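In UniProt numbering, the protein residues as written are 1 to 216.
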């Protein structure tokens with residue numbers, strides 16, 4: 001393959017999601033996954049991002065919608081040991097049993113309504129506890145799967161695409177929903193947040209995931 005570094009990517013298709021919503025209404029077949037809204041990304045630490053912190057109110061509001069409707073919520077929280085191989089790629093963060101692994105206070109006050117799953121990689125699907133929960137939700141008839149949190153281009157995308165592939169493998173016609181108002185990524189040299197958000201949303205959209213602006 002010859003890479004054309006001058007090619008301009010067209011994100012025009014994403015304009016379709018402007019002002020779109022996914023309505024929970026009185027749906028009882030909807031489950032929420034919150035990805036990495038813990039202190040180590042949203043409040044402090046080497047991978048803290050103010051962009052991620054800024055979505056906390058939207059994440060909290062969506063979580064409250066699910067609680068009000070008695071729909072299940074799962075929250076992934078990064079948790080690493082000193083020998084974590086992930087530190088070859090990212091700075092040391094979210095050390096096991098540290099405050100960085102805890103959910104942000106805004107969600108922690110809801111923790112009795114949230115199933116928290118610790119993860120040691122950028123893909124929460126790979127945790128055995130996650131797969132057990134997914135199989136349980138499938139058996140119970142959940143068909144709409146909302147994913148929010150951070151980072152759009154890493155843990156959110158990896159989980160969403162893996163979940164989508166799992167549903168395809170099992171011939172399950174389920175709906176995965178990503179609301180742009182409640183996902184975010186970070187800015188860093190070589191990692192432009194706006195660009196990475198667009199790339200990731202486009203990739204998920206083109207792979208059959210429902211991308212909307214808001215959850216109502």
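Using N, Cα and C, we set each Cβ at its ideal position, and we do this for glycine too. This one's a predicted model, so the numbers in the text were calculated from it and none came from an experiment.
- Residue 143 sits close to residue 29, with the two beta carbons spaced by under 9 Å.
- The three-state reading of DSSP puts residue 72 in coil, since its state is none of H, G, I, E or B.
- In the three-state reduction of the DSSP assignment, residue 61 falls in the helix class.
- Assignment of residue 161 by DSSP, reduced to helix, strand and coil, places it in the helix class.
- DSSP links residue 148 through a beta bridge to 34.
- The way I'd put it, the stretch 181-190 doesn't touch the stretch 64-75; fewer than three beta-carbon pairs between them come closer than 8 Å.
- According to DSSP, residue pairing for residue 179 in a beta bridge involves 212.
- A direct Cα-Cα distance of roughly 12 Å separates residue 195 from residue 10.
- At the C-beta level, residue 13 and residue 206 come within 9 Å of one another.
- In the structure shown, residue 1 adopts coil according to DSSP, grouped into three states.
- Residue pairing by DSSP places residue 82 in no beta bridge whatsoever.
- Taking the Cα of residue 75 as reference, the smallest distance to any Cα among 131, 37 and 158 is reached at 37.
- Residue range 128-139 is occupied by the alpha helix (DSSP H) that includes residue 134.
- Cβ contact annotation for residue 54 (same chain, cutoff 8 Å, sequence separation greater than five): 184, in chain order.
- By the Cβ-count criterion, residue 192 is exposed, with fewer than 16 other Cβ atoms from all chains shown falling within 10 Å of its own Cβ.
- The three-state reading of DSSP puts residue 110 in coil, since its state is none of H, G, I, E or B.
- For residue 33, the closest alpha carbon among the candidates 125, 17 and 49 is that of 125.
- The residue among 115, 60 and 145 with its C-alpha nearest the C-alpha of residue 24 is 145.
- Residue 22 is bridged by DSSP to 215.
- Beta-bridge annotation (DSSP): residue 188 is paired with 191.
- The alpha carbon of residue 105 has as its nearest neighbour, out of 57, 180 and 139, the alpha carbon of 57.
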